Structure formats: structure tokens, C-alpha cells
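Peer 1: Numbering (our numbering), first residue to last: 25 to 119.
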């Protein structure tokens, strides 16, 4: 994995390493060590994704948000960003 553009990653899951494996987590950290913000939902609970994404956008001066999640969270985050004037992209749930 090669880092070609500046990015940030908000990654929420129950124990990221157990869920996704060391190989994937390590490859992301190697490519972009300052990018990930990992939240362990098992120990910390489910965060307010709209609030966290919005703060990351403002802090990083991001141009857009891309979300990969379930339908409910995707729609909530996309609406939350677009309603604040931030471009946001998620899966299309029409199939």
C-alpha cells in the first residue's frame, strides 16, 4: 500500500486487529502512520460518527468524506456531511 495523497481514516470496529487481522492493520499503519483514528467499539461503545467525521474534516481541512459501513450509518454520515456543505460519498443501496 503506497500513500500518494494525504488522508485520515476513522476506523471503528470491535477490536480492529482481531476483526481485520494484523496484516491489514499493519499495512495501513506502514503506509500512513498518522492517518488512522481507531476506536474499539467493544471497550468504548459506538461513537457519534457524524460528530467525529465532522471534526476530522475540519481539523484536516479534508475535501470529502468516503464512508464504508452498513446502510444506516452510511446514510447518516453522508447526510450529516452534505447538510454541512461537505462532499460525502458512500455505497448506493439500490440493488
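All C-beta atoms, glycine included, are put in the ideal place defined by N, C-alpha and C. Being a predicted model, the structure only gives us computed values, none of them experimental.
Measuring only the C-alpha atoms, how far is residue 84 from residue 74?
Peer 2: The residue you call residue 84 lines up with position 60 of the chain shown. The residue you call residue 74 lines up with position 50 of the chain shown. Those two C-alpha atoms are separated by around 15 Å.
Peer 1: In chain order, what residues of the same chain have a beta carbon less than 8 Å from the beta carbon of residue 111, not counting five sequence neighbours either side?
Peer 2: Residue mapping note: residue 111 aligns to position 87 of the chain shown, counting from 1. Non-local C-beta neighbours of residue 111 in its own chain, meaning closer than 8 Å and more than five positions away in sequence, comprise 87, 88, 89, 105, ordered along the chain.
Peer 1: Are residue 64 and residue 97 close, meaning C-beta to C-beta below 8 Å?
Peer 2: As a first step, residue 64 is located in the chain shown; it is residue number 40 there, counting from the start. As a first step, residue 97 is located in the chain shown; it is residue number 73 there, counting from the start. Not a contact, by the Cβ cut-off of 8 Å.
Peer 1: I'd like to confirm something about residue 63: is its beta-carbon nearer than 7 Å to some heavy atom of the ligand NAD, or not?
Peer 2: The ligand NAD is not part of this structure, which contains no ligands at all.
Peer 1: Less than 8 Å between the C-beta atoms of residue 59 and residue 95, yes or no?
Peer 2: Along the chain shown, one-based indexing puts residue 59 at 35. Along the chain shown, one-based indexing puts residue 95 at 71. Taking a C-beta distance under 8 Å as the contact criterion, residue 59 and residue 95 do not qualify as a contact pair.
Peer 1: Please classify residue 116 as buried or exposed, where buried requires at least 16 other C-beta atoms within 10 Å of its C-beta.
Peer 2: Here residue 116 refers to the residue found at position 92 of the chain shown. Burial state of residue 116 is exposed, judged by a 10 Å Cβ sphere holding fewer than 16 other Cβ atoms.
Peer 1: By the 10 Å Cβ neighbour count, where 16 or more other Cβ atoms means buried, how is residue 54 classified, buried or exposed?
Peer 2: Here residue 54 is taken as the residue at index 30 of the chain shown, counted from 1. Looking at its Cβ environment, which holds fewer than 16 other Cβ atoms inside 10 Å, residue 54 is exposed.
Peer 1: How long is the line joining the alpha carbons of residue 70 and residue 101, rounded to whole angstroms?
Peer 2: Along the chain shown, one-based indexing puts residue 70 at 46. Along the chain shown, one-based indexing puts residue 101 at 77. Roughly 14 Å between the two C-alpha positions.
Peer 1: Which class does residue 83 belong to by DSSP, given the choice of helix, strand or coil?
Peer 2: Position 59 of the chain shown, counted from the first residue, corresponds to residue 83. Residue state, collapsed to three classes: helix.
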